[in-house]
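Trainee: Numbering (this note's numbering), first residue to last: 171 to 226. This is the structure, below, for whatever I ask next.
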């Protein structure tokens, strides 16, 4: 099992546990996905971030 640093989205507390030690909520891994220059979905993520709709 890989051990990664985890973060509680509510309390902004870092831990290595599945649940936050402060509030008990489920923690998330705050690592962004890897970048790939051949990413075929980049235009959809950019448009989603801008808030506009893509016409296919």
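All C-beta atoms, glycine included, are put in the ideal place defined by N, C-alpha and C. As the structure is a prediction and not an experimental result, all values here were calculated from the model.
Cβ atoms of residue 183 and residue 174: under 9 Å apart, would you say?
Mentor: The count along the chain shown starts at 1 and reaches residue 174 at position 4. The count along the chain shown starts at 1 and reaches residue 183 at position 13. No, they are not a contact pair.
Trainee: Whole angstroms is fine: what's the gap from residue 181's alpha carbon to residue 202's?
Mentor: Along the chain shown, read from residue 1 onward, the residue named residue 181 stands at position 11. Along the chain shown, read from residue 1 onward, the residue named residue 202 stands at position 32. Straight-line Cα distance between these residues: approximately 19 Å.
Trainee: Which first and last residues belong to the alpha helix (DSSP H) in which residue 218 is found?
Mentor: Mapped onto the chain shown, residue 218 falls at position 48. Looking at the DSSP string, the run of the alpha helix (DSSP H) that includes residue 218 is 212-220.
Trainee: Would you mind stating whether residue 196 and residue 188 have Cβ atoms separated by less than 9 Å?
Mentor: Against the chain shown, residue 196 aligns to sequence position 26. Against the chain shown, residue 188 aligns to sequence position 18. Yes. Within cutoff.
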